[in-house]
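For reference, each letter of the sequence shown is one residue, going 1 to 307 in the numbering used here.
Reviewing the structure listed below.
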Amino acid sequence: MTKVLIATEKPFAAAAVNAIRNVVEAAGFELVLLEKYSEKKQLLDAVADVDAIIIRSDIIDAEVIEHASKLKIVVRAGAGYDNIDLAACTAKGVVAMNTPGQNSNAVAELAIGMMLLIARNHFDGSSGTEIKDKTLGIHAYGWVGKNLARAAKGFNMKIMAFDPFIEKSVMENDGIVVASSVEELYKSCQYISLHIPANDKTKKSINRELLSLMPKNAVLVNTARKEVIDEAGLIQLFEERPDFRYVSDIAPDNAADFKEKYANRVFFTPKKLGAQTSEANNNAGIAAAEQIAKFIKNGDATFQVNK
Ligand code: 3PG
C-alpha cells in the first residue's frame with residue numbers, strides 16, 4: 001500500500017492532521033506520522049519505506065533522500081522550499097512540490113501584527129505611533145506580499161512594492177505604487193516587509209548599504225528567511241542608526257546580543273510561527289495531501305519545483 005509520511009518537527013494543528021488523514025485514506029493510502037522529532041536518525045528511519053512525504057521547514061537533504069529508497073514525491077506544505085535539496089531529489093527521480101498561497105494570509109497577518117507591536121513599543125504602555133498613513137514597502141509581490149497589501153490597505157498605509165519577476169500591471173491593478181528599483185523601494189518606505197525566497201541570489205542581499213537608504217524611524221519586518229539578511233551589516237547599522245528597528249519571525253544568529261543591547265528596537269518570535277495557524281495548517285496540509293494523491297494516481301505534477 002502507498003505510504004504517506006507526515007514528518008513535522010513543528011507539528012500541524014491536530015485538526016489539520018485529521019484532515020490530511022482523511023484525504024490520504026480516501027485515496028486508499030496509509031498515513032504515517034513523525035512529529036516533534038529531535039534527531040535526524042528518527043527522520044532517516046521514518047522515510048525508509050514511504051512513497052511520499054509531507055514536510056514543513058524540515059530538512060530534506062541528500063542523506064534523507066538516499067535513505068528513502070521508495071520515495072516518489074516530497075511536498076513542502078508551505079511556500080519556501082529552501083529546506084529541500086532539489087538536486088538530490090532530481091538525481092533520484094523524486095518530485096518536489098510546494099503548496100503556494102496556502103499559508104500566505106497567516107504570514108501576512110503576522111507581518112501586520114509585528115508592525116503594530118513595534119509601532120506601539122511592545123505594548124509597554126508608553127506612547128507609540130500609528131501605522132496609518134505610513135509608507136510600507138513590500139519587497140517581492142508573491143502570495144504573502146499580495147495578502148499583506150490587502151491587509152495594509154485596511155490600515156490606510158501608503159503601499160509600494162518591488163518585484164522584478166511579477167508583471168507591473170499585477171501590482172498596479174492592486175492599487176500599489178511600483179518601485180522601479182530595489183533602492184527606490186528602500187529609500188521611499190519607513191516600513192519594509194521582506195517576502196523574497198532564500199536562494200543563492202538573495203542570501204545576504206539585505207545589507208547595510210540597502211537598509212541605510214531607509215528613512216528615519218525605519219522598521220525592517222522579516223517573515224521570510226534569516227539567510228537573506230547580511231547580519232554583520234545589520235549589526236553595524238543598529239550602532240549607526242538609533243532609530244532603526246528590526247522585527248523578525250526568524251531570530252538572527254546574534255539574537256541574544258540584539259535583545260541585550262537594543263531591547264526596545266527588536267522583536268523575534270520564539271520559533272518561526274508565521275504559518276502557525278489552524279487555517280494555514282489545514283490549507284497547506286490538505287493541499288499537500290491532495291497534490292500527492294493526484295501525482296501518484298494521475299502523474300499530475302502541477303506545483304513541481306525541481307523541473
Ligand atoms: C513557508 O515557507 O511556507 C513558511 O516559512 C512557513 O514555514 P513553516 O511551515 O515551517 O511554519
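C-beta: ideal position from N, C-alpha, C; glycine also.
Note that the coordinates shown come from a computational prediction; the quantities given were computed from them, not determined experimentally.
Closer than 8 Å: residue i CB and nearest the ligand 3PG heavy atom
i	result
lysine 272	yes
valine 177	no
lysine 226	no
asparagine 217	no
serine 57	yes
asparagine 103	yes
alanine 79	yes
alanine 275	yes
lysine 203	no
alanine 232	no
arginine 76	yes
alanine 284	yes
lysine 10	yes
Buried or exposed (CB count within 10 angstroms, at least 16 for buried), residue i
i	result
threonine 129	exposed
asparagine 156	exposed
threonine 302	exposed
aspartate 45	exposed
serine 126	exposed
glycine 285	buried
aspartate 163	buried
asparagine 22	exposed
histidine 122	exposed
phenylalanine 238	buried
lysine 134	buried
asparagine 298	exposed
serine 38	exposed
alanine 224	buried
Cβ-based neighbour list, residue i, same chain, cut-off 7 Å, excluding 5 preceding and 5 following
i	result
asparagine 217	Gln190 and Asp243
isoleucine 235	Asn254
glutamate 231	Pro252, Asp253 and Asn254
methionine 115	Ile131, Tyr191, Val219 and Val221
Residue i Cβ short of 8 Å to the ligand FAD heavy atom set
i	result
valine 107	Ligands in the displayed structure: the ligand 3PG; the ligand FAD is not one of them.
Sequence-distant residues of the same chain with beta carbon closer than 6 Å to residue i, five excluded per side
i	result
lysine 294	Asp300
glutamine 304	Val95 and Met97
leucine 220	Ile192 and Tyr246
leucine 210	Tyr186
valine 24	Val4, Leu31 and Ala289
isoleucine 112	Ala151
isoleucine 229	Ile206
valine 182	Phe162
arginine 265	Arg245
8 Å CB neighbourhood of residue i in its chain, flanking five on each side removed
i	result
lysine 158	Asp133, Lys134, Thr135, Leu136 and Val177
leucine 33	Leu5, Ile6 and Val17
serine 278	Ala13, Ala15 and Ala16
asparagine 83	Ile55, Ser57, Asp58, Ile59, Ile60 and Arg76
Beta strand (DSSP E) segments (min. 3 residues) lying fully within the stretch 43-117:
52-55, 73-76 and 95-98
Any contact between the stretch 97-111 and the stretch 266-274? By contact I mean 3 or more CB pairs, one from each, below 8 Å.
yes
If contact is defined by three or more beta carbon pairs under 8 Å, each pair taking one atom from either stretch, is the stretch 4-11 in contact with the stretch 48-63?
yes
Would you be able to state if there are at least three C-beta pairs under 8 Å between the stretch 139-156 and the stretch 105-124?
yes
Per the contact definition of three or more C-beta pairs closer than 8 Å, is the stretch 33-48 in contact with the stretch 65-73?
yes
Segment contact, 8 Å Cβ cut-off, at least three pairs: the stretch 169-176 with the stretch 192-211
no
Runs of beta strand (DSSP E) wholly within the stretch 235-265 (minimum 3 residues, chain order):
245-248
Just list the beta strand (DSSP E) runs in the stretch 115-171, keeping only unbroken ones of 3 residues or longer that don't cross its boundaries, in chain order.
135-139 and 158-162
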